[in-house]
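Order-wise, the sequence lines are chains A and B. Numbering follows our numbering, in which position 226 of the first sequence is assigned residue number 298; successive positions increment by one, without gaps. Numbering follows our numbering, in which position 252 of the second sequence is assigned residue number 257; successive positions increment by one, without gaps. We treat Cβ as the ideally placed atom computed from N, Cα and C, and that holds for glycine. Please read all numbers here as calculations on a predicted model, not as lab measurements. Step one of this worksheet: look at the structure below.
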Amino acid sequence: MSVQTADSANKVTAPRPYAGRATVTDLLKRPETGALIGTIGVFVFFAVFGGSNFTAASGTATWLNPAAELGIIAVPVGLLMIAGELDLSVGSILASSSMTLAIISGYWDYPILVGILAALALGAVTGFLNGVIVTRTQVPSFVVTLATNFGLAGLALGVTRAITGSTSVAITTDGWAKTAFGSYVSDKFEVAIFWWLAVLVVVGFILHLSKYGNWIFAVGGDLVSARATGIPTNRVKIALFIGSGLGAALVGVIQTITYNSAQVANGQAFVFNTIIAVVIGGVLLTGGYGSVIGVLFGTLTFSIVGQGIYYTGWNPDWAALFLGALLLVAVLMNNTFRRMALSYGPRKKKD
Amino acid sequence: MSTPLLKLADVNKSFGTTDVLTDINLEVYAGEVLCLLGDNGAGKSTLIKVLSGFHEPTSGQVHVDGAPVLFRSPRDASEHGIACVHQFGGTFPLMTIGRSFFVGAEPTKGWGPFKRLNTKFAGDVAVHEMQSLGITRVTDGNRLVGGLSGGERQALAIGRAVYFGANVLILDEPTAALGVKEAAHVLRIIMQARKKGVAVILVTHNVTHAMTVGDHFAVLIRGALAADFRKGERSREEITDLMAGGEAMAELEAELAEHQESHDGSVHTSSH
């Protein structure tokens, strides 16, 4: 016993031999491994059945572009879900911020910057309200954000129709705004992909490297204990709701400038697609577990399955069936990997 | 002996018209294990909730290091160095050992907006603190808390409390859900904490566990201190009898209470 203690005491000070040298077992214990396998799996599947059109640059763009738009929202939504909350209001935030931009800078012809800032502010304010209502009233975020989604959709429709008399508003942009939000790289890849990468880097830093990430995991893992350690749990949640609101508003801005118009009914598909992408990516629906890289893979998987079917020559009516099955398989697989992560592993010593 | 770390003077607690604790006098010293014994409903939980700031006493005074204090919240109590460990018993199963050890007090490195969580430091400290409590199996702070055994989670929680300056640890039934071997493990961890000069308040049903680690014993029966004695002052048989007698007394009283409304539930209080 004493020999063993001395031996392990040395290990604490000496660099651990396996630190930084990932073994296959360690890899299998990462939360995102299941999501990575899923992404590779569906890619190979559609590369085989979709042929060279799917793997060509144009084929890649057809799933990477929607993946970028989905990902910009899914990453902050994933963060929120790790903290144990849902945001179902992203659909209406996207539509209404998109409409805000189109009305201010298209219909009324104010400078584009004003419109963009107003659109982002709308996302942030809605997220803030979601967060305040959830933390103050203890009503589940599922209900609160569902209500916000409906309420905001109605508000956007009513206001848009009252101002413009239509449900669709055109806007033309050029210059820096078009380049930054609505341009294409080599005529195929939306600039949104770079926004997505930026969001991944920033949110990845917050979640995995900063101390705030630890707070997020703790809030989602056990709210009462997190509060007992002094974490401002309400402020953490409100900040995360603002984050998902901003993500949705950013996609609203990107879509409006890319497609030169705003539709009042846009974006509702994002409500569930973001949750599906996040869950495929290995985030635990009840909170406390997940990773940004996992959400990246989940988003890619979702997008590849959604678009890949058009390259197979099969009837695309079946795409939703694929997605449903994929979601179920992904969750089962993620549960398995989580169980593996929870086992202490082969280095177990008898004491 | 010097000033007690924690002292209760005539503490009463009632909820509405129900008196849960009656005139509790108790002293807790550094480097000692106080075993709080008693049947279910004897008021052990209420007593530790008063000690850890969840409840304010209805009357009476709590002293920390000789000075009177009033805990309005668990945070108040923990700022005075009193930590209730069950609050943190492995509650983040999906976090790594290092990260969960430092939740709410994360060590960082770097500057400005690029301050990063020092996960290596966190992991090393957590592992070191656990090892200093005799947990030799844990060598990697990057493992998930959910992979630890019950005893190891207790060590993580105790190690955390001690590291962040707790000098009174309250352990609520730490051995209750554990097997014989794991329970022995936890008792060994308690002895290690005691050796560091921490005062431990151990709430338990188990007389054997109490006898193994206790320096000082307090038996609660129906909200009153039925006995307060030091190690060696009573034999194992006497303690067992006291606890069993307490249970029998409680049963008897329950029967009597039906006929005799005005019965005083307290048994004689012996001073040491």
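Comparing C-alpha distances from W116 (chain B) to each of A:K283, A:T127 and A:G143 shows the shortest one belongs to A:K283.
With a cut-off of 8 Å on Cβ pairs, the region 100-107 of chain B is in contact with the region 279-299 of chain A, counting three or more such pairs. Taken through DSSP and simplified to helix, strand or coil, Y256 (chain A) comes out as strand.
Per DSSP, the unbroken beta strand (DSSP E) holding H221 (chain B) starts and ends at H221 to I226. Per the coordinates, the alpha-carbon of F313 (chain A) lies some 23 Å from the alpha-carbon of K120 (chain B). Cβ neighbours of V403 (chain A) within its own chain (closer than 7 Å, five residues either side excluded): V351. Where I206 (chain B) is concerned, the enclosing beta strand (DSSP E) starts and stops at A204 to T209. For A225 (chain A), the closest of A:N338, A:R411 and A:F409 by C-alpha to C-alpha distance is A:N338. Nearest to G48 (chain B) by C-alpha distance, out of B:I87, B:P73, B:I29 and B:D220, is B:I29. Neighbourhood of R80 (chain B) in chain A, by CB distance below 8 Å: A300 and G302, in chain order.
Residues of the same chain with a CB within less than 8 Å of the CB of L149 (chain B), apart from the 5 flanking positions on each side, are P98, L99, M100, T101 and I102 in chain order. Proximity of L414 (chain A) to chain B, defined by a Cβ-Cβ separation below 8 Å, is satisfied.
T239 (chain A) and S124 (chain A) have their C-alpha atoms roughly 40 Å apart. About 5 Å separates the CB atoms of Y179 (chain A) and V241 (chain A); that is less than 8 Å, so the two are in contact.
For the options A:S258, A:I243, A:S161 and A:A320, the alpha carbon positioned closest to that of Y331 (chain A) is the one of A:I243.
Contact annotation: G65 (chain B) and V25 (chain B) have beta-carbon atoms that are not nearer than 8 Å. Taking 8 Å as the cut-off, the Cβ atoms of F394 (chain A) and V377 (chain A) count as close. Secondary structure at L99 (chain B): coil, using DSSP grouped into helix, strand and coil. For L136 (chain A), the closest of A:T111, A:G156, A:L158 and A:L160 by C-alpha to C-alpha distance is A:T111.
Just so you know, the alpha carbons of F126 (chain B) and R241 (chain B) end up roughly 45 Å apart.
For R158 (chain B), no CB of chain A lies under 8 Å from its own CB, so it is not counted at the interface with that chain.
The Cβ atoms of E104 (chain A) and I365 (chain A) sit closer than 8 Å to each other.
S297 (chain A) sits away from T124 (chain B), with the two beta carbons spaced by 8 Å or more.
Contact annotation: Y383 (chain A) and G122 (chain A) have beta-carbon atoms nearer than 8 Å. Closer than 8 Å to the CB of K309 (chain A) there is not a single CB belonging to chain B. CA-CA distance, H214 (chain B) to A231 (chain B), rounds to 19 Å.
One thing to note: G254 (chain A) has its Cβ no nearer than 8 Å to the Cβ of P148 (chain A). Using a 10 angstroms sphere on the CB of V273 (chain A), the tally of other CB atoms stays under 16, which defines it as exposed.
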